[in-house]
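In the numbering used here, the protein residues as written are 88 to 175. For each residue, glycine too, the CB sits at the ideal point set by N, CA and C. Predicted, not measured: the structure shown is a model, and the values here were computed from it.
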Amino acid sequence: EGWKSARYFCPGGGNKFTRLVDCDTASCRVETHYNGVWGSVCSIGFGPKTANVICRGLGYPEGGVGKVKGGGIGAIWLSRINCKGTEQ
């Protein structure tokens, strides 16, 4: 479980700061880049509003759905993310 776009499936989508990995037909895991290393975004506090903000930031204007995926290894760079949903 994890993150998926509401209208578009986003396999391997990303930019130089945020990317979607371990995508399947239902979800992807979100990673962020910090000090030259990619690390996971923790699911604690991660919900639909945060998924919408991330998806819009990656170029998917329809937003996304927050689900818990897990399965990441290595660093966790962000946790307790709680977007309002209006961030750009």
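First through last residue of the alpha helix (DSSP H) which encompasses residue i
i, result
"GLY144", "135-144"
Residue interval of the beta strand (DSSP E) (run including residue i)
i, result
"ASN106", "For the record, residue 106 in the displayed sequence is Arg; it is not Asn. Taken as a continuous stretch (DSSP letters only), the beta strand (DSSP E) holding ARG106 covers 105-108."
"GLY126", "124-128"
"ILE168", "First-last for ILE168: undefined, no H or E at that position."
"THR119", "116-121"
Distance CB(residue i)-CB(residue j) smaller than 8 Å
i, j, result
"VAL140", "GLU174", "yes"
Spatial distance of residue i from residue j (CA atoms)
i, j, result
"TYR95", "LEU145", "Any reading at TYR95 needs caution, since the residue's pLDDT is 41, under 50, leaving its predicted position unreliable; the model's value is listed next. In a straight line, the C-alpha of TYR95 is about 12 Å away from that of LEU145."
"GLY158", "LEU165", "15 Å"
"CYS115", "ASN122", "23 Å"
Same chain only: Cβ atoms within 7 Å of residue i, ignoring 5 sequence neighbours per side
i, result
"HIS120", "LYS103 and PHE104"
"GLY172", "LYS136, ASN139 and VAL140"
Chain-order list of residues whose beta-carbon lies under 6 Å from that of residue i (same chain, five-residue window excluded)
i, result
"ARG167", "ILE131 and GLY132"
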